[in-house]
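I have placed the structure first, in the form of structure tokens, so that the comments after it can refer back to it.
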Amino acid sequence: MGIIGYPLGHTLSPAFQGAALKHLGIDATFESWPTAPDKLAEKVASFRATDVLGACVTLPHKQAVMLMLDTVHETAREIGAVNWIVNGSKGKPDGKLTGHNTDAPGFLRSLKEEAKFDPKGASAVVFGAGGAARAVVFALRMAGVARLTIANRTVEKAHELAASMSKGRFRPTAAGLSRDDLADVVPYANLMVNTTSMGMAGGPAPEETPVTADLIRAGTLGYDAVYAPLETPFLREVERAGGRTASGITMLVYQGAEGFTLCTGQPAPVQVMMEALMRARAGRK
Ligand code: ATR
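Everything in the sequence shown is counted per the numbering used here, starting at 351 for the first residue and increasing by one.
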């Protein structure tokens with residue numbers, strides 16, 4: 351097994367996936383495979399070999415790989431992105447490749463199990479309208495949120511995402527990030543999810559938050575898909591307002607745990623993976 355992306359310098363996946371394989375005594379390794387876009391087709395074709403269980407896919411390949419597979423699972427098709435490629439199924443490689451998206455179920459599992467939050471019936475605000483937002487909005491639709499606003503710097507993108515995710519009674523609204531726009535929705539939300547790169551160490555705006563404490567209702571859950579640092583400016587604002595916080599580090603582990611199970615056919619040792627991830631992070635500082 352392994353992970354493909356480009357560049358891949360920062361990936362923590364080998365550390366926690368490797369720990370899971372070792373813990374269960376599975377005779378396989380999890381490698382880091384930096385793959386430039388012009389080498390992608392060749393690399394994906396190599397996953398058909400009977401000694402490859404599958405691979406995790408990260409930026410910028412999540413869309414491009416979809417054309418190189420035999421089957422793309424419905425969830426991945428609707429989100430428009432694949433983050434795991436599985437050879438065969440459940441630990442039995444057969445040369446047929448299926449694309450999955452475990453970001454959405456991974457996010458829901460981390461909301462429910464780590465943050466103890468059931469999104470059914472919730473009023474939610476999602477900040478951002480990029481790839482991560484797509485998976486989060488899809489997940490929240492699946493989980494039955496009652497109301498959802500997508501708030502993004504570029505409002506047109508929020509409108510586009512809202513329209514493409516609308517289905518049945520699920521009709522997200524779109525907003526910008528101005529104080530006026532947010533004052534109409536944030537005080538009424540009991541779930542907020544940041545999927546923008548605001549607050550990300552090494553990103554374009556490491557000190558910024560999409561919203562400040564004065565608009566946030568006490569008791570609201572703030573979830574940050576950004577996991578480096580663990581405590582982002584957004585989560586600090588949520589805390590100041592008396593809200594609860596959850597870091598996207600749990601989404602990283604749960605998307606990986608779902609992928610691990612798809613590839614190996616075995617339940618993933620989530621706790622072992624989380625501890626290995628924390629050790630790997632600590633070692634990097
Ligand atoms: P990903 O796949 O990780 O979601 P992306 O598709 O590049 O990455 O999306 C990045 C998101 O962060 C977008 O919603 C972007 O807003 P725009 O659509 O307006 O570009 C948001 N973003 C990035 N930097 C930002 C900043 N400095 N302020 C506000 N939003 C920002």
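Positions of the beta carbon are idealized from the N, C-alpha and C atoms, including for glycine.
query, result
"Residue from T595, I435, F520 and A501 with nearest C-alpha to S470", "According to the sequence shown, residue 470 is Lys rather than Ser. Nearest of T595, I435, F520 and A501 to K470, Cα basis: F520."
"7 angstroms Cβ cutoff met for T452 and E608", "yes"
"Distance between beta carbons of C613 and G355, contact taken as under 8 angstroms", "At roughly 17 angstroms, the Cβ-Cβ gap does not stay under 8 angstroms, so G355 and C613 are not in contact."
"Residues near A561 by beta carbon distance below 6 angstroms, same chain, minus five either side", "Sequence check: residue 561 is Val here, not Ala. Result list for V561: L532 and V536, in chain order."
"Where the beta strand (DSSP E) containing T448 begins and where it ends", "K442 to H450"
"Ligand 1 heavy atom lying under 6 angstroms from the CB of K412", "no"
"Nearest to R567 (by Cα), restricted to the options V475, V432, N502 and K462", "V475"
"Segment limits, beta strand (DSSP E) that includes I500", "R497 to A501"
"Helix, strand or coil at A539 according to DSSP, with G and I counted as helix", "coil"
"Option nearest D420 by Cα separation, candidates V407, A431, G441 and G449", "G449"
"Identity of the residues DSSP links to T523 by a beta bridge", "T499"
"Buried versus exposed, by CB contacts within 10 Å (16 or more), S460", "buried"
"Cβ-heavy atom distance, T504 to ligand 1, below 6 angstroms", "yes"
"Counterpart residues of L571 in DSSP-defined beta bridges", "L541 and R594"
"A370 versus S597: straight-line alpha-carbon distance, rounded", "21 angstroms"
"Where P443 falls, given that 16 or more other Cβ within 10 Å makes a residue buried", "buried"
"Cutoff 8 angstroms; reference E428; Cβ partners in own chain excluding five residues on either side", "F488"
"Contact test: K507 Cβ vs ligand 1 heavy atom, cutoff 6 angstroms", "yes"
"Expected contact under 8 angstroms - CB spacing of L627 and V603 to nearest Å", "6 angstroms"
"Rounded C-alpha distance that separates K372 from T504", "45 angstroms"
"Boundaries (first-last residue) of the beta strand (DSSP E) holding A555", "Per DSSP, A555 belongs to no beta strand (DSSP E) and is neither H nor E."
"Reduced DSSP category for E608 - H, G, I as helix; E, B as strand; rest coil", "helix"
"Any non-hydrogen atom of ligand 3 closer than 6 angstroms to P554 Cβ", "Ligands displayed in this structure: ligand 1; ligand 3 is not among them."
"Contacts around V422, its chain only, beta-carbon distance under 6 angstroms, and the 5 residues preceding and following it disregarded", "M416 and G449"
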